[in-house]
C-alpha cells in the first residue's frame, strides 16, 4: 500500500523538479544578461571619460584660437596653444581604446598558466632556482630552471628548447619563455629614451612603468645595491600579487630588463612583506661590464606612488 502511494506521488514531484530547474536556468540567464550589461556600462563609462577629455581639449583650443583673432599682440602664442588643444582633442577622441580588460581577468589567465607551470616543475623534480638568461633574438631572455641546485648554465642553443637535456647532468633543466619577455618589448617602446645601462637606472625605469605606465601596482619602493648585485621592488596593490606562483609577471619584467641591460643572468626571488609583494633580483656583480666608471651608488632607496 505504501509502495503504491509512493508510486502515485512520484509523478507529482517531477513537475516540481522541472519547475525548479527552469527557475535556475532563468536565474542563470538573468545573471548573464546583467553581467553583460555591467561590462557594457563599464566600457561606456571609460569611453565617456575619454570623450569628455577630448571635448575639453578641443574647447580650450578653440577658445585660444578665438582669443588669437581678438588679441593680435599675443596671436602667435595663442594660435600655437589652440593648435595643441585641438590636435590633442582629436588624438584623444580617435585613439580612445574601445576595449578594456579587467585586472581580474588578466590575473585569472595568468594564474591558470602559472598553476600549470608550477605543477610541471614539481613533477619534473626541478630546483627552486629561477634564472633569467639573456639570449639573442626574441624574447631577449629565457627562464632557466635547473634540475639541481648546483648547476652549470647551458649554451644559447640548448636554451631554445623547453626541455634542456645536455650531455652533462648539471646542465639539465627546463627553459621557457618568461612572462616578462613579451612585456619587456612593450615596456621598452614606452621609454622616453633608451633602456638604462646600469642597475639603478633600469630598476627606476621598470618601477615607474609598473606604476605609471602599465598600472600593475599602486605603489613601489626600490632598494638597489649594485655593488652586491641586488635589486628589490616592494609593490603595494600589485595586480599579480601571488608570491608562490612561478614567473610572476612583475618580477619577470624586472629580471628580463636587468638581464638585457647588464648582459648577465639574473635570479629572481619572490615573497611577501605584509600586504606588499616583494621581488628581488640577484646577479654576479663581477660579471657586469660597467661603463659608469664606479659612479653607481650603493643601497639606494626610492618610492613611487601612482598619481
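In the working numbering, the protein residues as written are -8 to 298. Ideal Cβ placement from N, Cα and C applies to all residues, glycine included. What you are looking at is a predicted structure, and each value in this text was computed from that prediction instead of being measured.
Can you tell me whether DSSP reads residue i as helix, strand or coil?
i	result
residue 119	coil
residue 164	strand
residue 264	strand
residue 276	helix
residue 132	strand
residue 137	strand
residue 126	coil
residue 182	coil
residue 17	helix
residue 233	coil
residue 253	helix
residue 175	helix
residue 145	coil
residue 10	helix
residue 109	helix
residue 78	helix
residue 318	The structure shown does not extend to residue 318, since the chain spans only -8 to 298, so no value can be given for it.
Whole angstroms is fine: what's the gap from residue i's alpha carbon to residue j's?
i	j	result
residue 239	residue 103	12 Å
residue 66	residue 277	60 Å
residue 48	residue 196	29 Å
residue 215	residue 53	48 Å
residue 63	residue 183	36 Å
residue 275	residue 249	12 Å
residue 101	residue 213	25 Å
residue 227	residue 174	20 Å
residue 282	residue 68	Because residue 282 sits at a pLDDT of 40, beneath the cut-off of 50, its placement in the model cannot be relied upon, and the following sentence gives the value as read from the coordinates. Cα to Cα, residue 282 sits roughly 44 Å from residue 68.
residue 29	residue 19	15 Å
residue 14	residue 110	40 Å
residue 114	residue 23	38 Å
residue 200	residue 181	8 Å
residue 244	residue 198	10 Å
residue 8	residue 32	36 Å
residue 21	residue 39	26 Å
residue 16	residue 25	14 Å
residue 44	residue 118	51 Å
residue 61	residue 27	51 Å
Whose C-beta lies closer than 8 Å to the C-beta of residue i among residues of the same chain, with five residues either side of it excluded?
i	result
residue 150	124, 126, 133, 135 and 166
residue 70	55, 56 and 59
residue 156	163
residue 12	none
residue 106	236
residue 10	none
residue 112	136, 165 and 237
Alpha carbons only, please: which of the options is nearest the one belonging to residue i?
i	options	result
residue 116	130, 131, 101 and 140	140
residue 268	256, 75, 216 and 210	210
residue 206	229, 222 and 220	229
residue 78	256, 46, 241 and 181	46
residue 265	232, 272 and 241	232
residue 223	263, 236 and 237	263
residue 225	235, 242 and 111	242
residue 120	131, 138, 105 and 111	138
residue 170	74, 39 and 108	108
residue 168	159, 177, 152 and 160	152
residue 142	17, 160 and 39	160
residue 316	176, 114 and 105	Absent from the structure is residue 316, since the part of the chain shown begins at -8 and ends at 298.
residue 129	112, 106 and 172	172
Might you give, ordered along the chain, the residues of its own chain that have their beta carbon closer than 7 Å to the beta carbon of residue i, omitting 5 neighbours on each side?
i	result
residue 147	126 and 127
residue -3	Because the pLDDT of residue -3 is 48, which lies under 50, any placement of that residue in the model is unreliable, and the question is left without a value.
residue 252	186, 187, 188 and 193
residue 179	186
residue 279	253 and 255
residue 76	48, 49, 51, 52 and 55
DSSP beta-bridge partners for residue i?
i	result
residue 223	214 and 271
residue 259	272
residue 154	165
So, for residue i: in the same chain, excluding its five sequence neighbours on each side, which residues have a beta-carbon less than 6 Å away from its beta-carbon?
i	result
residue 81	none
residue 273	220, 221 and 258
residue 246	123, 257, 259 and 272
residue 145	155, 157 and 162
residue 42	none
residue 261	234, 239, 242 and 270
residue 285	Confidence in residue 285 is poor, its pLDDT being 43 and thus under 50, which makes the residue's placement unreliable; the coordinate value appears in the next sentence. Excluding positions up to five away in sequence, the list is empty.
residue 73	52, 55 and 56
residue 208	201, 202, 226, 228 and 229
With respect to 8 Å, is the separation between the Cβ of residue i and the closest non-hydrogen atom of the ligand MG below this value?
i	result
residue 129	Ligands displayed in this structure: none; no statement on the ligand MG is therefore possible.
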